[in-house]
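Visitor:
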Amino acid sequence: MFTGIVEEMGVVRGLEFPSGPEGDAVLTVEGPVVTSDVRLGDSIAVDGVCLTVAGVDGAVFTADVMPESLRRTALGGLTVGARVNLERAMPAHGRLGGHIVQGHVDGVGALVSRSPGERWDDLVFAAPSALLRYVAEKGSIAVSGVSLTVTSVGSGSFGVSLIPTTLEATVLGALEPGARVNLEVDVVAKYVERLMAGGSSASAVGGVA
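For the sequence shown, the UniProt record's numbering begins at 1 and goes up steadily by one.
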C-alpha cells in the first residue's frame with residue numbers, strides 16, 4: 001500500500017520490450033532515495049503504478065511491466081530521460097500522510113488546462129466517465145501517484161489545486177496540457193458500490209497490479 005506522498009522524482013534510464021511491442025516491458029529507473037534500502041521483490045510505485053523490483057544496481061532499479069499494466073496505464077509511453085514520481089510502499093509503522101493508494105491504476109486521464117496562481121496552480125484533467133462516478137468534490141484521487149484533493153467535478157473532467165511543494169517535488173509541476181496521467185480513484189468508493197449492488201455485478205473499473 002502507498003500513501004500518494006511522492007518521495008522523489010526518478011529518471012527513466014531504459015524501457016525495453018523483449019517480447020515485442022505488444023508484449024511485456026522492462027523498465028529501468030534511477031532513484032537514489034527509493035533504492036537506498038530496496039530489496040529484490042519490494043514494491044515501488046512509478047507514476048502511481050505498483051511495480052515489483054526485479055533488479056538493483058546502485059541507485060538504479062529495474063521492474064517488469066506486464067502487458068495488462070501497459071494497456072491500462074501511461075507507462076508504455078515513457079521515454080528515456082523522462083521524470084517519474086517514485087514512492088516506496090508504506091511501512092506498517094509509517095504515517096498515512098495522503099490517502100490509501102494501492103498502486104492499481106484504474107485508467108488514464110489527460111491534462112486539459114492549468115491556471116497559475118500566485119503560489120499554486122489549478123489543473124483540470126479529463127477522465128473517463130466510468131471513473132468520474134467515483135470522484136467527489138473534496139474527495140481524494142491519485143494522479144500519477146500523487147495524492148490530491150478534488151476541487152471540482154465536471155461532466156467529463158475534475159479539477160485539483162497544487163501547492164508549491166507538489167509543484168516542485170513531483171512531475172505534475174511541469175506537466176503540459178495534453179499529457180497523459182495515471183488515475184487511481186478512491187478504493188473505498190468502489191467497495192461501497194460493490195456492496196450496495198449486493199456483489200451481483202462486477203465493478204465498472206478494474207486496477208492493475
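Ideal Cβ positions, reconstructed from N, Cα and C, are used throughout, including at glycine.
(1) Could you have a look at residue 7 and say whether DSSP puts it in helix, strand or coil?
(2) Have a look at residue 263 and residue 170 and give me their C-alpha separation to the nearest angstrom.
(3) Assuming residue 15 contacts residue 101 under a Cβ cut-off of 8 Å, what Cβ separation, rounded to an integer in Å, is found between them?
(4) Among the candidates 135, 172 and 17, whose CA atom is the shortest distance from the CA of residue 188?
(5) What three-state label does DSSP hand residue 194 in the structure shown?
(6) Please list the terminal residues of the continuous alpha helix (DSSP H) segment that includes residue 184.
(7) With DSSP as the reference, identify every bridge partner of residue 113, one or two as the case may be.
(8) Taking the C-alpha atoms as reference points, what is the distance between residue 23 and residue 119?
(9) Any idea if residue 19 is buried or exposed, counting beta-carbon neighbours within 10 angstroms, 16 or more meaning buried?
(10) With distances taken from CA atoms, which of 49, 17, 55 and 166 is nearest residue 30?
(11) With 16 as the cutoff for other CB atoms within 10 Å, does residue 88 come out buried or exposed?
(12) Identify, in the order they occur along the chain, each residue of the same chain with its Cβ nearer than 8 Å to the Cβ of residue 201, setting aside the five sequence neighbours on each side.
(13) Please tell me whether residue 105 and residue 151 are closer than 8 Å, where the distance is taken between their beta carbons.
Guide: Looking at the atomic coordinates:
(1) On the sequence shown, position 7 is the one that residue 7 refers to. The answer is coil: DSSP assigns residue 7 none of H, G, I, E or B.
(2) Missing from the structure shown is residue 263; the chain here goes from 1 to 209 and no further.
(3) The sequence position of residue 15 within the sequence shown is 15, counting from 1. The sequence position of residue 101 within the sequence shown is 101, counting from 1. Between residue 15 and residue 101 the beta-carbon gap is near 23 Å, outside 8 Å, which marks them as no contact.
(4) Within the sequence shown, numbered from 1, the residue matching residue 188 stands at position 188. Among 135, 172 and 17, the Cα nearest to that of residue 188 belongs to 135.
(5) What you label residue 194 is simply residue 194 of the sequence shown in a count that begins at 1. DSSP, read as helix, strand or coil, puts residue 194 in helix.
(6) Position 184 of the sequence shown, counting from 1, holds the residue named residue 184. Not the alpha helix (DSSP H): residue 184 falls in the beta strand (DSSP E), residues 180–185.
(7) For the purposes of this step, residue 113 is taken as residue 113 along the sequence shown, with counting starting at 1. Paired residues: 124.
(8) Start at 1 with the first residue of the sequence shown, and residue 23 comes out as number 23. Start at 1 with the first residue of the sequence shown, and residue 119 comes out as number 119. Those two C-alpha atoms are separated by around 43 Å.
(9) Against the sequence shown, residue 19 aligns to sequence position 19. Per the 10 Å Cβ criterion, exposed.
(10) Sequence index remark: in the sequence shown, residue 30 carries index 30 (1-based). The alpha carbon of residue 30 has as its nearest neighbour, out of 49, 17, 55 and 166, the alpha carbon of 55.
(11) Along the sequence shown, one-based indexing puts residue 88 at 88. So residue 88 ends up on the buried side.
(12) As a first step, residue 201 must be located in the sequence shown, where it is residue number 201. Its pLDDT being 49, under 50, residue 201 is placed unreliably by the model, and nothing is read from it.
(13) Counting from one through the sequence shown, the residue named residue 105 turns up at place 105. Counting from one through the sequence shown, the residue named residue 151 turns up at place 151. Pairing residue 105 with residue 151 gives a Cβ-Cβ distance that is not under 8 Å.
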